[in-house]
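Asks:
Protein chains in written order, with our numbering: chain D, 1 to 641; chain R, 1 to 318.
Written out as structure tokens, the structure is:
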């Protein structure tokens, strides 16, 4: 899975997230209240408490007594003005960029679909967000500068309505543009990736011996290659019955139609690519590790690579990675197998045959009684997704046993996980049923991965192995990709409009751009602050900008201790202030990088409803606070001063 | 609304007499403009005490920078007072709900130039939460009233200044307000437009509405205002009824039609007998506004009539 972060589940996320939101809201209200009171004190002296109370009271009333009709009118005005400013030019710009995209999008690359999707989604992202930031930065300050705001504020209009109306108007404009781009980009991607191959029947070679078919005729399996198109070709098979099949290559295959002429000549017609634009539905499990001595541990071992978020297991030892999946139901998987996909990291302590992958084994275990079988041995290469199938009826297996799990406590005592007894006859069965024999009564099943080669290691994190529950519509997934951009856009608008309630156009523009860029790099910002590249994975050091600059200038690596001079101490003191400030900032600035789904769409993963809901609620939470803040900022501002 | 926030003047009289309803009240209202560092830039208004009653046309006079517009903005809640209090309809000026009964025409018609007249009025109607059917009727009536039916579909950016003022006035009246605040209402209008604006102000007063206007065009104020306040350097220098303030009690003016030379001699003799000095004697002149309006009216009645390029002595006595 290319998404190297923990994906939140709505049910477990909502409670803590709400509490965090509530505490942030209370903190913000307290801070703003304090600033507001000091401001009143400065302006009104002894009358400050009364003035502050009046402002607060009427401010809260105005926040509640809003009229949808007024908000609608203000949103309509914003839309009208935006279209008056010719925002549709952005759509034209997008179309022009698509027209020239053929010059630089290389369909012969190894993953052209990723290239195309990254291009259309990335272009849309930058264009739309830049557009709405500009619109938001000019909207309210423009009204104040032109004094048109006078004729609005002298009507019974609440400032909360102005802020909400403008946000809604800009969101409507952005949605229209995004929707248009979505509609345009879908055929662009599909048609751009469309290709086919030709197969010359004369080039097909016999595969194996001829076989006698049920009707008594002789059949011969054939194999060969399609002709190369866009830098690749597919292996082509025809079984003894004459049914053709095209092998998967570069993430896609092709449908084949067999045409027979009157003289019995066979022609194979290949269709467009299939399986390239998909939306896989992954089911994730939880991950624990077993160390080389057979004890359960939270993490595997570190191989000294500070840039990875994976934990490693040692080859040819008891070490294993154990994924536990919950609530798997047979009817979710219509075929005879349950497909799994994994993307394991490989760390070699000796080179071996570099062309060959490292061998590993896949086992399933019932967490209730410990019954375990090894299903297959696989070969894993780094940077490639390996697809395996777990049969529902297990007939080929090895090493049937009851595998206990144990934990070693800090005081040295060993605790075994209690298991239900297994009927000894089960151990001699020749066939197992995955759901009957390996699924616990509460619907859990364990998948174990081991590295089989001594001196080699497999690295993994939770999202690296998942069960593929099927595919969803790519069209809808592309829509979700645009929905991710829409969520980022809504936040950019929210910040733009709120900042514009107390800042002028140029400062609003720069501030909103700053918030958006910082939001897009939110994870990086947190990494700098916490010194962790990934949750739980620490960097060797946590430096601020000055010490980093000193190390850059003196060419000292991050692992090198530099002399603790007074200068260094001063630099570190200043850095600690900077890091504290950055820490605070990282809680205020929204994690906009997590809102987007471009990687999901480009890598062919379905955006789950749970993740979608989490992101929508996150944006709504920010938006509520932004509207409240914008309302009070605008209300306390003398627009006519 | 809490008791503390109701203007005392808006409360029923304790004596049982019903005083004129106070629509606007300011109490030691002051406004200081400060720079970024909080230093005083200018004291725009100094301790203004003012009461404006229902049904009157009140004029705020003063030279540029005297504090007229600042007062207007304080009344509208667009500015916050540095000290003192402002009440409109008995509510603090910062209370948004007071705007339900207010119409405001700013000095320049600050309107959205990309909207046409219909859209403009419909938009402001929606801000008053008016239902669609009511809005539609009101918009049509107001556009007709200001004489812009022929241009109602044209965007305001194509309007002349006079047309913009008219649509600005229409937006100020969209909610049929009880209090109309007009900042330099005749600015940018031609004499006909000025006359129509003044007639409208008087009509509004006759309907029982309160009009507050500020202007430095003294003739306009004199024509329509019942009471005036004169501001200078942020201080209220004079306040009272126009007719009382302008009356010259130690000078007598007699106007008679077509006085004969004999009668003129006799009158002069009588005045001399009583030892009265004649300050001026002659034919009164009309205002340029009256002359202009008469010529336009006659031109409309008799197209083709040419000017003679001389005064004909037929000044309108009205």
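All C-beta atoms in this analysis are idealised placements derived from N, C-alpha and C, irrespective of residue type, glycine included.
Is there at least one Cβ from chain R nearer than 9 Å to residue 164 of chain D's Cβ?
Replies: no
Asks: Name the chain D residues whose beta carbon is nearer than 8 Å to that of residue 177 of chain R?
Replies: None at all; the shortest Cβ gap to chain D is about 10 Å.
Asks: Listing by chain order, which chain D residues have their CB less than 7 Å from the CB of residue 129 of chain R?
Replies: 67, 69, 70
Asks: Do the segment 604-617 of chain D and the segment 468-488 of chain D make contact, defined as three or more Cβ pairs closer than 8 Å?
Replies: yes
Asks: Can you check whether the C-beta of residue 95 of chain R is within less than 9 Å of a C-beta belonging to chain D?
Replies: yes
Asks: Do the segment 56-72 of chain R and the segment 223-237 of chain R make contact, defined as three or more Cβ pairs closer than 8 Å?
Replies: With three or more CB-CB distances shorter than 8 Å, the segment 56-72 of chain R counts as touching the segment 223-237 of chain R.
Asks: DSSP state of residue 244 of chain R, grouped into three classes?
Replies: helix
Asks: Would the segment 589-603 of chain D and the segment 139-149 of chain D be scored as touching if the rule is three or more Cβ pairs under 8 Å?
Replies: no
Asks: I'd like to check one pair, residue 161 of chain D with residue 74 of chain D: are the Cβ atoms closer than 9 Å?
Replies: yes
Asks: Is residue 253 of chain R a contact residue of the ligand ATP, with contact defined as CB to any heavy atom under 8 Å?
Replies: Summarising the ligand content, the structure contains no ligands, and the ligand ATP is consequently not present.
Asks: Taking the DSSP output, what are the residues bridged to residue 410 of chain D?
Replies: DSSP output for residue 410 of chain D lists no bridge partner at all.
Asks: May I ask you to list the residues that DSSP assigns as paired with residue 468 of chain D?
Replies: Looking at the DSSP output, residue 468 of chain D bridges to D/282.
Asks: My output table needs one value for residue 110 of chain R: the three-state DSSP class, helix, strand or coil.
Replies: coil
Asks: Less than 9 Å between the beta carbons of residue 586 of chain D and residue 525 of chain D, yes or no?
Replies: yes
Asks: Starting from the C-beta of residue 414 of chain D, find all residues in its chain whose C-beta is less than 6 Å away, skip the five residues before and the five after it, and write them out in chain order.
Replies: 406, 408
Asks: Counting Cβ pairs, one atom from each stretch, are 3 or more of them under 8 Å apart for the segment 24-40 of chain D and the segment 119-133 of chain D?
Replies: no
Asks: Sorted by chain position, which residues of the same chain lie with C-beta nearer than 7 Å to residue 318 of chain R's C-beta, five sequence neighbours on each side aside?
Replies: Unreliable placement is indicated for residue 318 of chain R, whose pLDDT of 41 sits below 50; the coordinate value is still reported in the next sentence. Only 290 meet the Cβ criterion.
Asks: Under 8 Å: do the segment 287-303 of chain D and the segment 388-408 of chain D share three or more Cβ pairs, one atom per stretch?
Replies: Under the Cβ criterion (8 Å, minimum of three pairs), the segment 287-303 of chain D counts as touching the segment 388-408 of chain D.
Asks: Would you tell me roughly how many angstroms separate the C-alpha atoms of residue 461 of chain D and residue 313 of chain D, rounded to the nearest one?
Replies: 11 Å
Asks: Answer with buried or exposed for residue 138 of chain D, where buried requires no fewer than 16 other C-beta atoms within 10 angstroms of its C-beta.
Replies: Under this definition residue 138 of chain D is a buried residue.
Asks: Using a Cβ cut-off of 8 Å, pull out every chain R residue sitting near residue 147 of chain D, in sequence order please.
Replies: 106, 108, 110, listed in chain order.
Asks: Using a Cβ cut-off of 9 Å, pull out every chain R residue sitting near residue 150 of chain D, in sequence order please.
Replies: 73, 76, 78, 104, 106, 110
Asks: Just the C-alpha distance for residue 584 of chain D and residue 95 of chain D, rounded to the nearest angstrom, thanks.
Replies: 41 Å
Asks: Please go through the segment 21-82 of chain R and give each complete beta strand (DSSP E) segment of 3 or more residues, from N-terminal end onward.
Replies: 22-34, 40-53, 57-61
Asks: Examine chain D for any beta-carbon lying closer than 9 Å to the beta-carbon of residue 38 of chain R, and answer yes or no.
Replies: yes
Asks: Find the nearest neighbour of residue 177 of chain D within the set D/522, D/483, D/113, D/194, judged by alpha-carbon distance.
Replies: It is D/483.
Asks: For chain D, check one thing: does any of its Cβ atoms lie closer than 9 Å to the Cβ of residue 126 of chain R?
Replies: yes
Asks: List, in chain order, every chain D residue whose beta-carbon is nearer than 9 Å to that of residue 100 of chain R.
Replies: 155, 156
Asks: For residue 451 of chain D, does the three-state DSSP call read helix, strand or coil?
Replies: Residue state, collapsed to three classes: strand.
Asks: At the level of alpha carbons, what is the spacing between residue 621 of chain D and residue 255 of chain D?
Replies: 47 Å
Asks: Report the option in D/110, D/108, D/119, D/293 whose CA atom is closest to the CA atom of residue 100 of chain D.
Replies: Of the candidates D/110, D/108, D/119, D/293, the residue whose Cα lies closest to the Cα of residue 100 of chain D is D/119.
Asks: Against chain D, does residue 33 of chain R count as a neighbour if the rule is that its beta carbon must be under 9 Å from one of theirs?
Replies: yes
Asks: Could you list which residues in chain D have their beta carbon closer than 9 Å to that of residue 43 of chain R, in chain order?
Replies: Residues of chain D passing the Cβ test: none, with the nearest at roughly 14 Å.
Asks: If you measure from the beta carbon of residue 115 of chain R to each beta carbon in chain D, is any gap under 9 Å?
Replies: yes
Asks: Give me the DSSP bridge partner(s) of residue 214 of chain R.
Replies: Paired residue(s): R/60, R/183.
Asks: Pull up the distance between the alpha-carbon of residue 161 of chain R and that of residue 167 of chain R, whole angstroms please.
Replies: One C-alpha to the other measures close to 10 Å.
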